[in-house]
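Participant: Mapping the sequence shown onto the numbering used here, position 101 (from 1) lands on 162, and the numbers just tick up by one.
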Amino acid sequence: EGAWETPAGTVAVNDALASYIMAETPLLENAPWAHEPEHSLEVQVPFLLKFQDKVKIVPILVSHIPDDVIEAVADGIYMGIKKFGDGVTLLASTDFSHYVAQETASELDGEAIDRILNLDSQGLLKVVREKRISMCGVTPVALVTEVCKAMGATKVKLVDYKTSGDVTGDYSSVVGYGGLLIN
């Protein structure tokens with residue numbers, strides 16, 4: 062409830078949608094304090110405001126939840142969205158590999174991206190774990206993938222993939238970034 066204040070402007074929380082999601086997802090809790098040490102949403106909000114100044118959000122912070130619980134949480138979020146009944150866009154924020162050589166990042170991130178492209182959230186979790194990919198937001202990405210599948214998504218488009226080396230010119234230790242659209 063309420064609003065998020067940022068240097069780029071204030072973003073209202075969609076209280077109605079949040080209420081539906083909370084009612085359908087007992088595994089989520091109202092914990093505004095949980096966002097204080099986390100930066101992923103505050104990094105995204107200015108971009109949202111740039112493209113739509115009347116945007117409303119429902120901030121859901123997901124850290125680590127058991128793989129077998131992701132589907133239940135996704136189903137609850139989906140049911141909340143369905144009961145809300147209005148158009149909703151989902152967004153998950155993450156980096157891919159952190160502080161590895163460009164070649165390593167491209168290879169590892171490619172494996173993670175391949176799982177997302179195939180709407181394979183469990184495969185994504187598995188490859189990130191097994192290959193020790195330092196993808197900090199793998200759980201939110203898996204969760205959003207599952208909600209999108211419940212909403213009828215059938216395809217994913219890779220918009221772009223870059224690393225910090227593409228900006229700095231230092232390819233010895235990079236962070237990977239990708240943009241994907243699920244619909």
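Note that CB positions come from ideal geometry on N, CA and C, so glycine has one too.
According to DSSP, is residue 226 helix, strand or coil?
Facilitator: Helix at residue 226.
Participant: Which of the three DSSP states, helix, strand or coil, is assigned to residue 237?
Facilitator: Residue 237 falls in the strand class under three-state DSSP.
Participant: Are there 16 or more other CB atoms within 10 angstroms of the CB of residue 193, so buried, or fewer, so exposed?
Facilitator: Answer is exposed; the Cβ neighbour count stays below 16.
Participant: Shortest alpha-carbon distance to residue 197 belongs to which of 214, 76, 100, 77?
Facilitator: Taking only the C-alpha atoms, the option nearest residue 197 is 100.
Participant: Does the distance from the CB of residue 202 to the CB of residue 185 come in under 8 Å?
Facilitator: A contact, by the Cβ cut-off of 8 Å.
Participant: Anyone know if the C-beta pair for residue 150 and residue 158 falls short of 8 Å?
Facilitator: It is not a contact, given that the beta carbons lie outside the stated cut-off.
Participant: In whole angstroms, what separates the C-alpha of residue 69 from that of residue 160?
Facilitator: Roughly 29 Å separates the two Cα atoms.
Participant: Roughly how many angstroms separate the alpha carbons of residue 224 and residue 108, rounded to a whole number?
Facilitator: Their backbone Cα atoms lie some 19 Å apart in a straight line.
Participant: Looking at the structure shown, is residue 215 part of a helix, part of a strand, or coil, going by DSSP?
Facilitator: Residue 215: coil per DSSP, three-state reduction.
Participant: Under 8 Å between the Cβ atoms of residue 72 and residue 123?
Facilitator: No, they are not a contact pair.
Participant: Thinking C-beta only, is residue 79 closer than 8 Å to residue 62?
Facilitator: Result yes, Cβ atoms of residue 62 and residue 79 sit closer than 8 Å.
Participant: Where does residue 243 sit, in a helix, a strand or coil, going by DSSP?
Facilitator: Three-state DSSP puts residue 243 in a strand.
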